[in-house]
Amino acid sequence: QAVVFASNIRRSVTDIIGDSVVGFLNRIGRGDEFPGGLPYHPKAKEEREQLRDSLKQVAFLQDLDEEDLRRVVDAMFERRVQPNEMVIRQGEDGDNFYVIRSGCYQVIIEATQADGEVRIVHQFRDSGSFGELALLHNQPRSATVKAISPGALWAMDRRAFRAIVLPAEQRRRREFAELLEGAPSLAGLMDEELRLAAEALRPRSFGHQQVIIEEGDEADGMYFVLEGEAVVTRSGREVARVPRGGYFGEAALLEGRRRTASVVAAAAAPDGRVRTAFLPREAFGLLAPCHGLLRRSMAAYGLLKPGFAPPAQPHEPLEASSVPLGLAPPGSRWPPLRPAQPCSCRSDDEPRQLGTWRSQPGSQAPSGVLGKHGSS
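For the sequence shown, position 188 (counting from the first letter as 1) is numbered 188 according to UniProt numbering, and the numbering increases by one without interruption.
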């Protein structure tokens, strides 16, 4: 039964994501300004293959299907640049998205009245991409990119970008929003917090048996499984599997330590892929209101591991913890964890009004897996 606090009836974040993207599409048009078809710029076979390989390294394009990827390759044209040429300028409207073919480029944040300082914040050399943020969010350029050597770029103009890429981006954001909504441990996030977290997620894809996380590594973020499974091992021994809809990697972030387990991709077929959504460490603070619930899930997982012995120190959770609150494995002698109501999800117990609390009466954890979620 849902408990509603302060009459704040929660609206599905997928609706909010949809409204945001659809509103943007309505403001800038839907790509129907190509009555004769999308732009096509001929390229040699080798150029097409190189460009296609470069595009597959661009995070926000990784979920494009083969047909959309082909259309992006067709729509891109070459731009040659000279040393000291300003490719894009901070504050200007976005015209193109760029993929670097060759050359060296500096990303510069111009001086502001507050600090009066010009900062070089990044440098590209012969690879990389830039210019998509202004097109995705319909905002002025947030930085200047300057060529510091002769070079060549592949460019796609904003009309082709919004006709091909934005519909795929809309689908990706909806998928990510639904993923977060389905995580009981994140039930305390408000609509705006969920929207920001969904926008911060980045797609990452792994081949069968490819290592996702290595035991002992520094923690760079957490992962949500979109397709396939992730196998969690500790000291070479399998301890858990994280299925579609599960997550892992949060434990090291919460406790400020190195990874205590390895995670390997397990695709449905040897030539398949495991698709994940990655939340970088820098964006993990967006989940701060529910860090307390994440910790409780971790602690519960340490007590309720079916099919293998508890760790030597039960207070140290595995890097694959995942008991959804309100669920317990079939046959477990431990009762389901349920928060006191009303409750606050903040780890510092700061009083806070919540939206609808989602519960799943009668639900059961999948066989052989402790709930749907995990922790590394």
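The beta carbon of each residue, even a glycine, is placed where N, CA and C say it ideally should be.
(request) Measure the alpha-carbon distance for Y40 versus R158 and round it to whole angstroms. (result) 14 Å
(message) Quick check on V165: does DSSP put it in helix, strand or coil?
(response) Residue state, collapsed to three classes: helix.
(request) Please state whether DSSP places G151 in a helix, a strand or coil. (result) strand
(message) Whole angstroms are fine: how far does the CA of E46 sit from the CA of F60?
(response) 24 Å
(request) Determine whether the Cβ of A134 lies closer than 8 Å to any Cβ atom of chain D. (result) No chain D appears in the structure shown, which is made up of a single protein chain.
(request) Report the residue from E238, A266 and R295 whose alpha carbon sits nearest the alpha carbon of G256. (result) R295
(message) My output table needs one value for G214: the three-state DSSP class, helix, strand or coil.
(response) A quick correction: the sequence has Glu, not Gly, at residue 214. E214: coil per DSSP, three-state reduction.
(message) Buried or exposed for S127, going by 16 or more other Cβ atoms inside 10 Å?
(response) exposed
(request) Take the Cβ of K146 as the centre, count every other Cβ of all protein chains shown within 10 Å, and call the residue buried at 16 or more, exposed below. (result) buried
(message) For the alpha helix (DSSP H) containing E78, name the first residue and the last one.
(response) No alpha helix (DSSP H) contains E78, which is instead part of the beta strand (DSSP E) from F77 to V81.
(message) How far does the alpha helix (DSSP H) with Q50 in it extend, from its first residue to its last?
(response) K45 to L55
(message) Please identify the residue among Y247, S235 and G37 whose C-alpha is closest to the C-alpha of E229.
(response) The candidate whose alpha carbon is nearest that of E229 is Y247.
(request) Please state whether DSSP places D157 in a helix, a strand or coil. (result) strand
(message) Per the DSSP calculation, A277 is bridged to which residue(s)?
(response) P203 and F224.
(request) Determine the extent of the beta strand (DSSP E) in which H122 is found, giving its start and end residues. (result) R119 to R125
(message) Taking its Cβ as the centre, do 16 or more other Cβ atoms sit within 10 Å of G91, making it buried, or is it exposed?
(response) exposed
(request) Go through its chain and collect everything with a Cβ distance to R172's Cβ below 8 Å, but skip five positions before and after it. (result) F60, D63 and P203
(request) Inspect the beta-carbon positions of V232 and V239 and report whether they are closer than 8 Å. (result) yes
(request) Since I believe I108 is in contact with L153 (beta carbons under 8 Å), could you give me their beta-carbon distance rounded to a whole number of angstroms? (result) Incorrect: roughly 17 Å between the Cβ atoms, too far for contact.
(message) Quick check on the burial criterion: 16 or more other C-beta atoms within 10 angstroms. Buried or exposed for residue 431?
(response) The structure shown does not extend to residue 431, since the chain is modelled only from 1 through 376, so no value can be given for it.
(message) Could you tell me the alpha carbon to alpha carbon distance between L318 and V211, rounded to whole angstroms?
(response) Note on L318: pLDDT 34, under 50, position unreliable in the model; no value is reported.
(message) Assuming E229 is part of the beta strand (DSSP E), what are its boundary residues?
(response) E229 to R234
(message) In the DSSP assignment, the alpha helix (DSSP H) including A134 goes from what residue to what residue?
(response) E132 to H137
(request) Report yes if the CB atom of Y105 is closer than 8 Å to the CB atom of I148, and no otherwise. (result) yes
(request) Using the Cα positions of S142 and S235, report the straight-line distance between them to the nearest angstrom. (result) Their backbone Cα atoms lie some 45 Å apart in a straight line.
(request) Whole angstroms is fine: what's the gap from L38's alpha carbon to E49's? (result) So the two alpha carbons sit approximately 20 Å from each other.
(request) Note down the Cα distance separating S205 from G182, rounded to an integer number of angstroms. (result) 21 Å
(request) With DSSP as the reference, label S129 as helix, strand or coil. (result) strand
(request) For F161, collect the residues of the same chain with a Cβ closer than 7 Å to its Cβ; drop the 5 residues on either side in sequence, then sort them by chain order. (result) F97 and L135
(message) Please state whether the Cβ-Cβ distance between R260 and E215 is less than 8 Å.
(response) Looking at the sequence shown, residue 260 is not Arg but Thr. In this structure, E215 lies closer than 8 Å to T260 by Cβ.
(request) In the DSSP assignment, find the unbroken beta strand (DSSP E) run with E238 in it and report its ends. (result) R237 to V242
(message) Out of L279, F284, D220 and R244, which one is the CA nearest neighbour of A268?
(response) R244
(message) Just verifying my parser: in three-state terms, what is the DSSP assignment at S185?
(response) helix
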